[in-house]
Every structure is written in C-alpha cells, then in structure tokens.
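Novice: Below are the structure tokens for one structure; questions will follow.
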Amino acid sequence: MGAIVVLGDLLVCAVLLLASIGVIGPEPTTRAEETAAWQSAGKLYLGWLVAGVTSFAVLRMPMALIAHLTTMLLSPVALFVLMLSPVLV
C-alpha cells in the first residue's frame with residue numbers, strides 16, 4: 737500500500753508543479769497570474785497533504801501515513817536540489 741501512496745503523491749506533486757508554471761492549463765502571462773497559479777497550487781498541495789494525513793490516521797494505516805508524509809514533505813526539497821544541481825556543477 738505504501739508504494740501506491742508514494743506513486744500517487746509523486747504524480748500529484750508533478751501535476752501541481754506543472755500547473756503552477758503553466759505547462760498544464762493556461763500559461764500565466766502577468767505577475768498577478770503567476771502569483772495566483774502558485775497560490776492555488778500551494779492550496780491544493782496543502783489540502784492533499786492534510787487530507788492524506790487525516791484519512792490514513794482515521795483508517796489506522798501507519799505505513800501509508802508515513803509514506804505519505806515523507807513523500808509529500810521530501811518531494812519539494814528533492815525538486816529544489818535537482819533544480820540547483822546544474823548550477824552547482
């Protein structure tokens with residue numbers, strides 16, 4: 737079950753990132769549209785995080801809860817490191 741949770745979370749994080757930069761949906765052309773896209777992606781991210789934590793806690797699925805938390809909290813950090821790695825090399 738943990739592997740399914742991790743794959744689902746990675747898919748959600750990827751879709752939210754692509755939506756926030758305009759690859760999916762309308763491309764933001766002004767600073768206000770960029771800010772709105774990032775804010776809505778952030779709200780969806782936090783909603784997915786809280787909904788997953790709540791549902792896995794209520795359903796008493798500790799391994800899925802841990803997998804969800806680690807994936808959702810580490811994927812933005814890993815993405816940031818990957819984005820900086822070409823600059824560091």
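Residue numbers for the sequence shown follow my numbering, beginning at 737 and rising by one.
Every residue gets a Cβ at the ideal spot worked out from N, C-alpha and C, and that includes glycine.
Using 8 Å as the threshold, is the stretch 740 to 747 in touch with the stretch 756 to 773, meaning 3 or more CB pairs across them?
Specialist: Output reads no: the stretch 756 to 773 does not touch the stretch 740 to 747.
Novice: Whole angstroms is fine: what's the gap from SER791's alpha carbon to LEU801's?
Specialist: Numbered from its first residue, the sequence shown carries residue 791 at position 55. Numbered from its first residue, the sequence shown carries residue 801 at position 65. SER791 and LEU801: Cα-Cα distance of roughly 9 Å.
Novice: Assign VAL748 to one of three DSSP states: helix, strand, or coil.
Specialist: Here residue 748 refers to the residue found at position 12 of the sequence shown. The answer is helix: DSSP assigns VAL748 an H, G or I state.
Novice: Is the separation between the beta-carbon of MET808 and that of GLY738 shorter than 9 Å?
Specialist: Residue numbering aside, residue 808 sits at position 72 when the sequence shown is read from its first letter. Residue numbering aside, residue 738 sits at position 2 when the sequence shown is read from its first letter. No; because the gap between Cβ atoms is not below 9 Å, this pair is not in contact.
Novice: Could you spell out the range, first to last residue, of the alpha helix (DSSP H) harbouring THR771?
Specialist: On the sequence shown, position 35 is the one that residue 771 refers to. Start and end: 767 to 794.
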